[in-house]
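**Q** Everything in the sequence shown is counted per my numbering, starting at 23 for the first residue and increasing by one. Note that beta-carbon positions come from the ideal geometry of N, C-alpha and C, so glycine has one too. This is the structure I have questions about; it appears just below.
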Amino acid sequence: MQLRWTLPVLAMAALPAWAAPGVLKIGEINSYKAMPAFLEPYKKGMDLAVEQINAQGGLLGKQVVLVTRDDNGNPGDAVRAAEELYTREKIDVLTGSFLSHVGMALTDYAGQKKRFFLASETLTDKVVWQNGNRYTYRLRGSTYMQTAMLVQEAKKLNKKRWAIVYPNYEYGQSAVATFKQLMKEAQPDIEFVAEQAPALGKIDAGSVVQAIADAKPDAIFNVLFSVDLGKFVREGNTRGLFKDRTVVGLLSGEPEYLDALRQEAPEGWIVTGYPWYSIKTPAHDAFLKAYQGKFKDYPRLGTIVGYNAIQSLAAGITKAGSTDTEALIKAFKGLNVNTPWGPITYRAQDNQSTMGAYVGTTAYSKELQRGIMTNFYYADGKDFQPSDAEVKKLRPASAQ
């Protein structure tokens, strides 16, 4: 079944736009080589969504084709790829981005060129707030939203001395700023006794762990992910950093990163993630069955984001009855989309979706031989936003 579907799509993707009048092209740009753990499952999620949409007749009477480009984790390459997708591939609509600085570059591109852009994964708040524009919408819950979800749990701990570790670029900086702000509001006597900010992908885990241990914190707020997270956890386990200390970890419960640690997976961390093995709803059951049937594998968090991005575009294009930029902008205002995690809405006030996250505690499963999430619940993104008045102040007047 997969082979019969894939070959025609590849054939159509190779044709120039004028040779395939029955095709609707979605252009997608991402850091595939730089972040494969997340983006390989993400691509599979998109592929599944495209297959399902085409099986139901496509969009606007056309079969959907996904055309991807790698941005090499570089903002300049991303912008060049976007222009090439429009001028050479003749795409109808653009989505993508993982790394925050790349997402910001594509947001600026959309504003400059007046082209609709759905930022799928990039977490920085600036994409919809400070650097936002009327052309850019964002699917995944922002840094602010996910940090606020964890603050709700962190403040219950009543720990006074906190250490912080994060990757030193836009995403990490924003997460830490939000954590400090919200924790100070909830607990005025809090102290931040250590702050480690290694460059993304270049952590010296030994020195970072030792510096945090020397500060003797009561708790740790961790924003590291991917390879940096693995190195930090391994070194922290070796040096006893986590013994009798609570760790609150943004993204640390995502299978992409937790699975890679196997028996070294941390236990007792409060995290955001994706407990795909324990979500029992009709929507998720149907998604899981379809995904496992197609790929003979289990989904990761990236899978959900990729799948939801294509389904969001499908809902928006159907509502607009067109891929025209102005029609899509209007259609996405208050757009409702059904996802495996339940319904989400694209907020009219800032173009941000209400996609939430699962919050829970890490544990080790002997049966699965990897870390899992327990005691989890779904935190709806609509409940973790600043007021509309605050959002209006953050967004440029031109983006309103």
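DSSP state of T28, grouped into three classes?
**A** Unreliable positioning characterises T28 in this predicted model, as indicated by a pLDDT of 34, which lies under 50. The coordinate reading is nonetheless provided below. If DSSP states are grouped into helix, strand and coil, T28 belongs with the helices.
**Q** Check the DSSP bridge columns for M395 and list the partner residues they point to.
**A** T384
**Q** Could you spell out the range, first to last residue, of the beta strand (DSSP E) harbouring Q218?
**A** 213-218
**Q** With D92 as the anchor, note down where its beta strand (DSSP E) starts and where it stops.
**A** It spans 85-92 - the beta strand (DSSP E) in which D92 sits, taken as one unbroken run.
**Q** Using a Cβ-Cβ cutoff of less than 8 angstroms, which residues in the same chain neighbour E397 once the five nearest sequence positions on both sides are dropped?
**A** Note on identity: in this sequence residue 397 is Asn, with Glu being the wrong assignment. Excluding positions up to five away in sequence, the list reads G382, T383.
**Q** Is N358 helix, strand or coil when you go by DSSP?
**A** In this structure, N358 counts as strand in the three-state DSSP scheme.
**Q** As a quick exercise: from G44, L121, A421, pick the residue whose alpha carbon is nearest that of L81.
**A** G44
**Q** Helix, strand or coil: which one does DSSP assign to L121?
**A** Of the three classes helix, strand and coil, the one that applies to L121 here is coil, per DSSP.
**Q** Please identify the residue among M377, K182, E389, P220 whose C-alpha is closest to the C-alpha of K404.
**A** Nearest to K404 by alpha-carbon distance, out of M377, K182, E389, P220, is M377.
**Q** Between which two residues does the beta strand (DSSP E) harbouring V293 extend?
**A** V293 -> beta strand (DSSP E) spans 292-295.
**Q** Going straight from the alpha carbon of T361 to that of V198, what length do you get?
**A** 29 angstroms
**Q** Who are the near neighbours of N358 in its chain, counting only those whose CB is closer than 7 angstroms to its CB and skipping five residues on each side?
**A** P365, T367
**Q** For N180, does the count of other Cβ atoms within 10 angstroms reach 16, so buried, or fall short, so exposed?
**A** exposed
**Q** How far does the alpha helix (DSSP H) with R322 in it reach, from first residue to last?
**A** Segment: none, R322 is in no alpha helix (DSSP H) and carries neither H nor E.
**Q** Determine the DSSP secondary structure at A221, reduced to helix, strand or coil.
**A** coil
**Q** Please confirm if the stretch 153-171 is in contact with the stretch 124-137, defined as three or more CB-CB distances below 8 angstroms between the two stretches.
**A** Contact between the stretch 153-171 and the stretch 124-137 is present: three or more C-beta pairs spanning the two stretches fall below 8 angstroms.
**Q** Just to confirm my understanding: we take P38, look at its own chain, exclude 5 residues before and 5 after, and list those with CB closer than 7 angstroms. What are they?
**A** Confidence at P38 is low in this model, with a pLDDT of 38, below 50, so the placement of that residue should be treated as unreliable; the coordinate-derived value is given next. Contacts found: none.
**Q** Considering only residues of the same chain and omitting the five flanking positions on each side of D99, which have a CB-CB separation below 6 angstroms?
**A** D93
**Q** Would you kindly work out how many angstroms separate the C-alpha atoms of L272 and V87, rounded to a whole number?
**A** 34 angstroms
**Q** When burial is assigned at 16 or more other CB atoms within 10 Å of the CB, is S409 buried or exposed?
**A** By the neighbour-count rule (16 or more Cβ atoms within 10 Å), S409 is not buried but exposed.
**Q** Apart from the five residues just before and just after L426, which ones in its own chain have a Cβ nearer than 7 angstroms to its Cβ?
**A** Absent from the structure is residue 426, since the part of the chain shown begins at 23 and ends at 422.
**Q** My assumption, with CB atoms under 8 angstroms, is that D227 sits in contact with K253. Please give the rounded CB distance.
**A** A small correction: the amino acid at residue 227 is Ala; Asp does not occupy that position in the sequence shown. Rounded, the Cβ-Cβ distance is 4 angstroms, consistent with contact.
**Q** Between which two residues does the beta strand (DSSP E) containing T158 stretch?
**A** Counting along the chain, T158 sits inside the beta strand (DSSP E) bounded by residues 158-160.
**Q** From L251, A308, I225, E213, pick the residue whose C-alpha is nearest to that of K238; which is it?
**A** E213
**Q** Given a cut-off of 9 angstroms, decide if F247 and Y296 are closer than it, judged by their beta-carbon atoms.
**A** Result no, Cβ atoms of Y296 and F247 do not sit closer than 9 angstroms.
**Q** Quick one: residues in its chain with C-beta nearer than 7 angstroms to the C-beta of T146, no 5 flanking neighbours on either side, listed in chain order?
**A** S122, G125, M126, T165, E192, Y193, S196
**Q** Once DSSP output is grouped into helix, strand and coil, what is the label at W185?
**A** Here residue 185 turns out to be Ala, not Trp, going by the sequence shown. Of the three classes helix, strand and coil, the one that applies to A185 here is strand, per DSSP.
**Q** DSSP three-state call for F139: helix, strand or coil?
**A** Secondary structure of F139 (DSSP, three-state): strand.
**Q** Which whole-angstrom value describes the C-beta separation of V270 and A241, a residue pair presumed to lie in contact below a C-beta threshold of 8 angstroms?
**A** 7 angstroms
**Q** Taking the DSSP output, what are the residues bridged to E50?
**A** Residue pairing by DSSP places E50 opposite T90, T117 in a beta bridge.
**Q** Where does V150 fall in DSSP's three states?
**A** coil
**Q** To the nearest whole angstrom, what separates the beta carbons of Y329 and A71, a pair I think is in contact under 8 angstroms?
**A** 5 angstroms
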